[in-house]
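Encoded as structure tokens, the structure appears first; notes follow it.
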Amino acid sequence: MTALHVDWTACDGRGHCTELLPELLAPDEWGYPRSTDGGKEPEVPPGLLPHARRAVQHCPRLALHLTQR
Numbered sequence: 042m043t044a045l046h047v048d049w050t051a052c053d054g055r056g057h058c059t060e061l062l063p064e065l066l067a068p069d070e071w072g073y074p075r076s077t078d079g080g081k082e083p084e085v086p087p088g089l090l091p092h093a094r095r096a097v098q099h100c101p102r103l104a105l106h107l108t109q110r
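In this note's numbering, the protein residues as written are 42 to 110.
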């Protein structure tokens, strides 16, 4: 299973990831990403994996990572 991890020490809430991956991430009131399912590290369905990779690649602060569980 692939999950999306947000490094909170690196994230500055620019919101690119929430725009690129709205199926898994939504902005909170300050612009920081939060999981749409309420979990800490949302599971990435196989069909969304290319979109998740794109969000990771375009994060300006390198705060997103894909992990295997």
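The beta-carbon is built from N, C-alpha and C at its ideal position, and this holds for glycine as well. On a predicted model such as this, the values are computed, not experimentally measured, just so you know.
Who are the Cβ neighbours of G72 in its own chain at under 6 Å, not counting the five residues just before and after it?
G54, G56
Beta-ladder partner(s) of H106, from DSSP:
H46
Measure from the alpha carbon of V85 to the alpha carbon of each residue in R95, V47, G79, L65, then state which is nearest.
L65
So, is R62 buried or exposed, given that buried needs 16 or more other C-beta atoms within 10 angstroms?
The residue asked about is misnamed: residue 62 is Leu in this sequence, not Arg. L62 should be labelled buried.
Measure the C-alpha to C-alpha separation of H99 and E82 and round it to an integer number of angstroms.
Roughly 18 Å separates the two Cα atoms.
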